[in-house]
Structure formats: structure tokens, C-alpha cells
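Asker: Okay, here's the structure, questions in a sec.
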Amino acid sequence: MVKKQRGRRGESRKKTEDEIESTEDQPVFFEDVGGANDEGHTNDPEELPDVEMEGAPQDNEGNSNDSTFFGLVDRQELEYFKTAESTLAVDGFASSEERQGFIDGVFEEAKGKELKLVINQVCSKLIERLILVASDEQAIGIFSRFSGHILSLSKHKYSSHCVETLLVKSAALVEKEILNQLQVEDGEKPIHELLVSAAREFEPVMEEAARNPYASHVLRVLLLILNGSELPSASSNSSALRSKKSRSVRKYIDIKGEQPARAYQVPGSFKEELKTLLSSLASDLDTTRSREMAIDKVSSPVMQLVIQIESSLGSKKKRKENQKATSLIFTSNSPDSGVEDSSEGAFVEYLLSDPVGSHFFEAAIQWLSLGTVERLYTTYMKDRIDKLARRDAGSFVVQAVLKKLRPNEARAILDTLIPDLEILSTSNSQFVRTLIRVSANHENYRQDEIVNKILDQYKVESPLQFASKLLPLDKLDDTTTNSNDDMNRSLLFQDLVDSSFKCLVNAAKSFEQLDTDKLIAIAKHPQWSHCLEKCFVPKLDIVIRRKVLNKLSGSFAELACNAYGSHLIDACWKFTYKLKFFRERISQELVDNEQKVKHESMYGRTVWRNWKLDDYVRRKHEWWKAVKEEEDVIAQAFGLENAKDKTNGTKKVDHRHQRDPAQAFKGPRGSKGPSHGKDLSSHRQKPYDRPKKTNAKH
Numbered sequence: 001m002v003k004k005q006r007g008r009r010g011e012s013r014k015k016t017e018d019e020i021e022s023t024e025d026q027p028v029f030f031e032d033v034g035g036a037n038d039e040g041h042t043n044d045p046e047e048l049p050d051v052e053m054e055g056a057p058q059d060n061e062g063n064s065n066d067s068t069f070f071g072l073v074d075r076q077e078l079e080y081f082k083t084a085e086s087t088l089a090v091d092g093f094a095s096s097e098e099r100q101g102f103i104d105g106v107f108e109e110a111k112g113k114e115l116k117l118v119i120n121q122v123c124s125k126l127i128e129r130l131i132l133v134a135s136d137e138q139a140i141g142i143f144s145r146f147s148g149h150i151l152s153l154s155k156h157k158y159s160s161h162c163v164e165t166l167l168v169k170s171a172a173l174v175e176k177e178i179l180n181q182l183q184v185e186d187g188e189k190p191i192h193e194l195l196v197s198a199a200r201e202f203e204p205v206m207e208e209a210a211r212n213p214y215a216s217h218v219l220r221v222l223l224l225i226l227n228g229s230e231l232p233s234a235s236s237n238s239s240a241l242r243s244k245k246s247r248s249v250r251k252y253i254d255i256k257g258e259q260p261a262r263a264y265q266v267p268g269s270f271k272e273e274l275k276t277l278l279s280s281l282a283s284d285l286d287t288t289r290s291r292e293m294a295i296d297k298v299s300s301p302v303m304q305l306v307i308q309i310e311s312s313l314g315s316k317k318k319r320k321e322n323q324k325a326t327s328l329i330f331t332s333n334s335p336d337s338g339v340e341d342s343s344e345g346a347f348v349e350y351l352l353s354d355p356v357g358s359h360f361f362e363a364a365i366q367w368l369s370l371g372t373v374e375r376l377y378t379t380y381m382k383d384r385i386d387k388l389a390r391r392d393a394g395s396f397v398v399q400a401v402l403k404k405l406r407p408n409e410a411r412a413i414l415d416t417l418i419p420d421l422e423i424l425s426t427s428n429s430q431f432v433r434t435l436i437r438v439s440a441n442h443e444n445y446r447q448d449e450i451v452n453k454i455l456d457q458y459k460v461e462s463p464l465q466f467a468s469k470l471l472p473l474d475k476l477d478d479t480t481t482n483s484n485d486d487m488n489r490s491l492l493f494q495d496l497v498d499s500s501f502k503c504l505v506n507a508a509k510s511f512e513q514l515d516t517d518k519l520i521a522i523a524k525h526p527q528w529s530h531c532l533e534k535c536f537v538p539k540l541d542i543v544i545r546r547k548v549l550n551k552l553s554g555s556f557a558e559l560a561c562n563a564y565g566s567h568l569i570d571a572c573w574k575f576t577y578k579l580k581f582f583r584e585r586i587s588q589e590l591v592d593n594e595q596k597v598k599h600e601s602m603y604g605r606t607v608w609r610n611w612k613l614d615d616y617v618r619r620k621h622e623w624w625k626a627v628k629e630e631e632d633v634i635a636q637a638f639g640l641e642n643a644k645d646k647t648n649g650t651k652k653v654d655h656r657h658q659r660d661p662a663q664a665f666k667g668p669r670g671s672k673g674p675s676h677g678k679d680l681s682s683h684r685q686k687p688y689d690r691p692k693k694t695n696a697k698h
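67 is the number that UniProt numbering gives to position 67 of the sequence shown; each next residue is one higher, with no gaps.
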């Protein structure tokens, strides 16, 4: 008789056997392994199962369903690569040569194992680090080994991140190849051919890839590369191309790279491949399916990008031919025809009420033609624009329409919405900020009325209350909180100051009236320091600028070493325009605290460099010469050339009308010349006034 095992261990073993039997026919590939999160990685190999099914068929939750098998990572390999990843993360190497030697060793160990490593939860993070630090030759080698499996890897939870990073890295290599700065080994494909080959893997399955939660991100990066658009940094954790879940997880993963966000040169063949991909997508869709993709949370960002790219492909004459996906989503009825497409009407109504749909509509409006936007506005939104502005989702679409329409139509919308400004400002401060900016863009249309309504809403009764009422200054001591209300108030304050010179003056005066401790606390606040910095512009009256700088005197070095205050000291470079005394006072205070500013604080070092204080210490004459040149640039940028010289209250002299001293009247001392003290400004010399030439010899 077989002894029956009891207790928790027995139950656990029985449960495990049942799970294995239930998943034998449909193996699940790394779904929720380790209990970490969907987008992150775990560093503990003990949390992984004993037998890892890399490359096995996967479920329908976003993982690959093809049967490509890439091999298993055994425990010894897993332990080695986990240690290597931790070593690279700590970056405790004695020298760059030692670090490079270690990286080369890891590359050598991973050679031939890239495919099975990249789909492993732990090792994929190592591969991503290696891609970022790889040499051109090593990056091309990784791409060559991924080639033919890009689509499969793009559908996987872990390897998709590595493919994204590799594509961004490859875009820089394509530019090097165009500039003849890239050496390719014999037998290796050129990098541009590898990218075209990757794009062709997506060509037959564009719709499927766009709907896949992992491949859709890779597809967007690929489309941006083929279009020659700006790409995010390969190591950026806040890129809009990443999902919200991925961005939140990657905050805790320290992966750094040296490649900045920028656009790269691409060959002409990329544009042709891009058109092929977009045509393939449009050929698989009809109006219903394209609209379904537009409102799907996974494929909607892809469709937004497709509309953006289609709007820029080819000349204006051929642009309509290229806008195949756009024409499927939005019909082309004339606004004067009075004919409404019932299916389009229902679709637009859904876009105006759904969070995902409104986000798509808002983005699409930026790239749709003006005629299409005017038709959609006239047909579906014009008669109820005030109601749509109060909707949580529809308000964002109204803001996009306001920015796109012609001036007369935008002003008509402002006329409709301004009476309801108090209601809108209570529920949606971002909408109010859009109204301020639109008014400023249309020659300050009804700007005073908008500003007054906002100030009444916040009970600002005098100019000196501008800052204290708009900003909750009672929370100055709490610099750790980052509430949405504080952020919205800060942004509203900045928009008011940007759009209205009167608000700028009132804001500066209200800051100047605060006591010194409170003003310094504002300068160090993570949000309200931006409000104070907005007021540091040279076009302010010199008296106000002097008073504000006097309040901060003695604290310049302290602020220069602060993460937020340092930006304020940088702004003082322009704020001290024509204020030689304060410019030198700030410089001298920073120099007197050189050890603290330059050597002990990373923020202080930046301020030291921006103020060119090494020149101030060693070559003061050259420093003042640079200041003079900089002030000329500032005067031109802010339109201050013909303004009064704030230092003495007199107008600048126009040297073109200044009389040459050599031609001045030379008479007896004390003589007032031929004018006898009269004003000759209206006198015009006639030909007979000129002295006649004589042949007399002197």
C-alpha cells in the first residue's frame, strides 16, 4: 500500500502535478513568473522554474504564438549572466579599460546564445545593457543573429524591449553608414539591409503586429526609423513609445546609454519600404476594422502614428493618394454638402466620449488636413461646442480643434466658451490654459476678459496678491508633495505670465513684496520655483528687478547649489541685463564660495560654467567683453534695442544722426555759434548758404 503524503508539502506537490498536466497541451511562456510585474525583470534565479520553456508556443495575452524554439538557459549560465548584469549595473570598475574588457568577455560568453538569453526574464535585461554599450561591430553582430526572428522576438514580453533598443541603436549606425563612418566586416550585411529585412518581416502581418501589446511598440519604433523621424533615447524610461506600465516599472531599472533623442539620416530606400508597410496595413483593413483599431488601447497609438506619417509622405498633390488608412477612418464628405455619414457620426460621437478614442482624435486632429478638421467640426461639434468642453474626454478634442482652426472660427469658439469660464476653470484648469494660449496666438483676443475672470475665480483683489492667491504659499514647508492641484496652479500661473505683460508685472511685484525667507523658499520649491523663474526676464522695469535681486542678495551661492534654485541663478544672467552692479555682485558671491559651488555641488558646477566664472577669475576683461556681447544678443531677442536705457533713463543715441565733431562750429569760447542759441533742428541748408570758394592764398 502506497503511503499517502499529508500536509502542506503534499498538497503543494499535488497542486504542481495538476498544473503540469493542465498546461501540457498549452504551455504558457513566462506568464507572471517571479511575481514581479509584466514589464519588469527579476534578478533572483530562484524565482524562476527549474525548466524554462524559452521559445515555446505562448498564450494569447500578447506573447508569441509561433513554435520557434531558441533553447534553454541552464542554471549555471543563468547564474553567470545574472552576476554579469549586476556587475554592469553597479559599474564599480577601476578604469574604463577594465570595464571594456569585462564587457568584451561577456559578449564572448554570450556569443551564439543571444536568442535564448533575450527571451529570458533575467538575461534580457543584460542583453539590453550590452546593446547600449556595444561597439558598432558588436551591435551589427547582435542584429545579424536576431535577423529572421525580429517579428517573433517583438511579440515576446521580455525580448521586445531589447529589439526596441537595438532598432534605435541601429538608426545611428545607418547614419554613420551614409556618412562613410562605419566599417563592416566581410560577410556581414550592411546595417540598412538588416533594417529593411526586419521591416519585411512585419509586412505580411501589419494588423496583427499593431494589435499585439509588445510588437506594437516595436512597430512604432520601426516606422519612426523608416520615416527619419526623431527617436527617443535608447535608454529613456519616460519615452512616449513605452506603455504606462513599462514606464512605471523602468523607473526602478537603472539602464543608461549615451545615445540622445534625435532624428537620423536615412537612405531613400527606407521611404519606399515605409510606403510598402503602410499599403500592406491599409490593404488588410476596411472602414470598420480601421476604426476598431483606432479605438483599441493597444493599436490606437500605431494608428495615430500612421496618420502622422501619411500626412507628411510625398508632395501635396500625391499626399491624398498616400493617406489610405486616414481615408478609411474619416470619410471625405464636403462640409457644404450637408450630407452626414451615419456610421462616421456614430464613430465621432464615440471618439468624443471615450478616453482612448478622444486621445486618438486629439492626436489625429494635429495631422489631419485643415479642410477635414473644419468638416468634422462643422458637421459634428459646432452646435454643441460648449457641452463638449465640459466633458472629461471631449474637452481635449475641443482644445485640439481650437489650435487647428482658422482665426475667425477659433474666435467664435472663444466667444462661446468665455461666459462659461468659471465653470471650466473649476473642473479643468488645462482647458483654461489652452484658452489663454489661443487668445495670445490670435492677437490677444479678449485676453483681458479671460484674465480678469481667472483672477476673480482665485479672488485676486490687488496686483500684490497675484502670487499669494494663485499659489498656495502656505504649503511652502512641504516640498515632498507633488499634488496635481499644485502642479496645475503652477502651470496656470506660468501661462498667465507668458501671455500677458500686465500679469508679468503684477507677478513680479507680488514676489518682490514677500519677505526674504519666503522668497528663498519659493526659489527652492520644486514647482513654484518655475513661477518665479518665469518672472526673471530683462524686459521688466529695472526698479522691480533691482528690488527682487536685493531680496535674494546673500543667498545666490546657496541657491546655486540647489536643484531648483540653480535654474533661477542661471536665469539671473539675462535678468541682470544693464545691471552691472548686480551682475558683479552675483559673480563675486559665487567666487567667494568656490569650494561649495564649484567643487561640492553638481548643480553649482553647472551654474559656475554657465556664468563663465573661470574667465571672471582669471580674465575679467574678456569676461566683461563677453557680457557686453551677450547683452547685445539679449537686447535683440527681447526687442530692447530702441527702448530707453534703463540705467540712466535716457534714450540711446542713434550714431547715424550724430554730428561729426570735426564738422562742429568752431567759434570763440562761450559762443553759441551761428544759431545764437536758437534751435536749428528745422533749418535746412540751402545752396546759397554754402561758403563760396575763393582763390585767396593763406
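From the three backbone atoms N, C-alpha and C, an ideal C-beta is built for every residue, glycine too.
1) Based on the DSSP secondary-structure assignment, which residues constitute the bridge partners of L231?
2) Within 10 angstroms of its Cβ, does G554 collect 16 or more other Cβ (buried), or is it exposed?
3) What three-state label does DSSP hand F330 in the structure shown?
4) Of the choices E207, L219 and Y214, whose alpha-carbon is the least far from that of L195?
5) Kindly indicate which residue of L421, L464, H149 and A110 has the alpha-carbon position closest to the one of N452.
6) Ignoring anything shorter than 3 residues, give me the beta strand (DSSP E) runs that lie fully in the segment 433 to 514, in order along the chain.
7) Quick one: any contact between the segment 114 to 122 and the segment 148 to 162, if contact means 3 or more CB pairs under 8 Å?
8) Within its chain, find whatever has a CB closer than 6 Å to the CB of V548; leave out the 5 residues flanking it on each side and keep chain order.
9) Is it right to say H359 is buried, meaning 16 or more other beta carbons lie within 10 angstroms of its own, or is it exposed?
10) Quick one: Cα of E362 to Cα of V373, how far?
11) Quick one: grab the DSSP three-state call for Y80.
12) On a CA-only basis, which of R585, S566, S529 and D570 is nearest N550? Give me that one, please.
13) If you drop the 5 nearest sequence neighbours on each side, which residues of the same chain put their C-beta closer than 7 Å to that of D570?
14) One question on the structure: do A508 and G565 come within less than 9 Å of each other, judged by their Cβ atoms?
15) In chain order, which beta strand (DSSP E) runs of at least 3 residues are fully inside the segment 539 to 601?
16) Run the proximity test for Q447: is its beta-carbon closer than 8 Å to any non-hydrogen atom belonging to the ligand ATP?
17) Would you report the Cα separation of P301 and E208, rounded to the nearest angstrom?
18) Kindly indicate the opening and closing residues of the alpha helix (DSSP H) around Y350.
19) Identify which residue in D91, L132, S216 and G92 has its Cα closest to the Cα of F107.
20) Is the beta carbon of residue 711 less than 9 Å from the beta carbon of L368?
21) Tell me which residue opens and which closes the alpha helix (DSSP H) that M293 is part of.
22) I'd like the list of long-range same chain contacts for D386, defined as Cβ closer than 7 Å, with 5 residues on each side in sequence excluded.
23) Under the three-state reduction of DSSP, which class applies to F396: helix, strand or coil?
24) Output needed for Y350: all residues of its chain with C-beta closer than 8 Å, excluding positions within five of it in sequence on either side, in chain order.
25) Could you tell me the distance, in whole angstroms, from the CA atom of I179 to the CA atom of P267?
26) Using 8 Å for Cβ pairs, my map puts K518 next to L476. What's the rounded Cβ distance?
27) Once you ignore the five residues that flank Y380 on each side, which residues in its own chain have a CB closer than 7 Å to its CB?
28) Where D448 and S499 are concerned, what is the direct C-alpha to C-alpha distance, given to the nearest angstrom?
29) Taking only three categories from DSSP, how would you classify A134?
30) Please report the distance separating the alpha-carbon of S404 from that of S299.
31) Between which two residues does the alpha helix (DSSP H) carrying E98 extend?
32) Just checking, does the segment 570 to 579 make contact with the segment 625 to 644 on the three C-beta pairs under 8 Å criterion?
33) Within 10 angstroms of its Cβ, does T288 collect 16 or more other Cβ (buried), or is it exposed?
34) Less than 9 Å between the beta carbons of K189 and S152, yes or no?
35) When you compare the CB positions of L88 and L126, do they come within less than 9 Å of one another, or not?
Answerer: Let me lay it out:
1) In the DSSP assignment, the residues bridged to L231 are R262.
2) Here G554 is exposed. Its C-beta has fewer than 16 other C-beta atoms within 10 Å.
3) Coil at F330, not helix or strand.
4) L195 has its Cα closest to that of L219, out of E207, L219 and Y214.
5) Nearest option by C-alpha distance: L421.
6) DSSP runs (the beta strand (DSSP E)) wholly in the segment 433 to 514: none.
7) As far as the Cβ criterion goes, the segment 114 to 122 touches the segment 148 to 162, which means the pair count is three or higher.
8) So the qualifying residues of the chain are E512.
9) Looking at its Cβ environment, which holds 16 or more other Cβ atoms inside 10 Å, H359 is buried.
10) Cα-Cα distance, rounded: 11 Å.
11) In the three-state scheme derived from DSSP, where H, G and I count as helix and E and B as strand, Y80 is classed as helix.
12) In terms of Cα proximity to N550, the closest of R585, S566, S529 and D570 is R585.
13) Around D570: V607 and N610.
14) The Cβ atoms of A508 and G565 do not sit closer than 9 Å to each other.
15) Runs found: none.
16) This structure does not include the ligand ATP; it has no bound ligands of any sort.
17) Taking the straight line from one Cα to the other gives about 14 Å.
18) Run containing Y350: S342 to L351, per the alpha helix (DSSP H) assignment.
19) The shortest Cα separation from F107 among D91, L132, S216 and G92 belongs to L132.
20) Any answer about residue 711 is impossible in this case: the structure gives the chain only from 1 up to 698.
21) Taken as a continuous stretch (DSSP letters only), the alpha helix (DSSP H) holding M293 covers T287 to A294.
22) The residues are T416, L417 and D420.
23) If DSSP states are grouped into helix, strand and coil, F396 belongs with the helices.
24) I295 and G357.
25) Reading off the sequence shown, one finds Leu at residue 179, where the question assumed Ile. In this model, L179 and P267 are separated by some 11 Å (Cα to Cα).
26) About 7 Å separates the two Cβ atoms, so the contact holds.
27) So the list reads G345 and V348, once near-sequence residues are dropped.
28) Their backbone Cα atoms lie some 11 Å apart in a straight line.
29) Three-state DSSP puts A134 in coil, outside helix and strand.
30) The identity of residue 404 in the sequence shown is Lys, whereas the question assumes Ser. Computed Cα separation, rounded: 25 Å.
31) S96 to A110 is the extent of the alpha helix (DSSP H) around E98.
32) Three or more pairs of CB atoms, one per stretch, sit closer than 8 Å, so the segment 570 to 579 contacts the segment 625 to 644.
33) With fewer than 16 other Cβ atoms within 10 Å, it is exposed.
34) Result no, Cβ atoms of K189 and S152 do not sit closer than 9 Å.
35) Inclusion of L88 and L126 in the CB contact set at 9 Å is warranted, their separation being smaller than that value.
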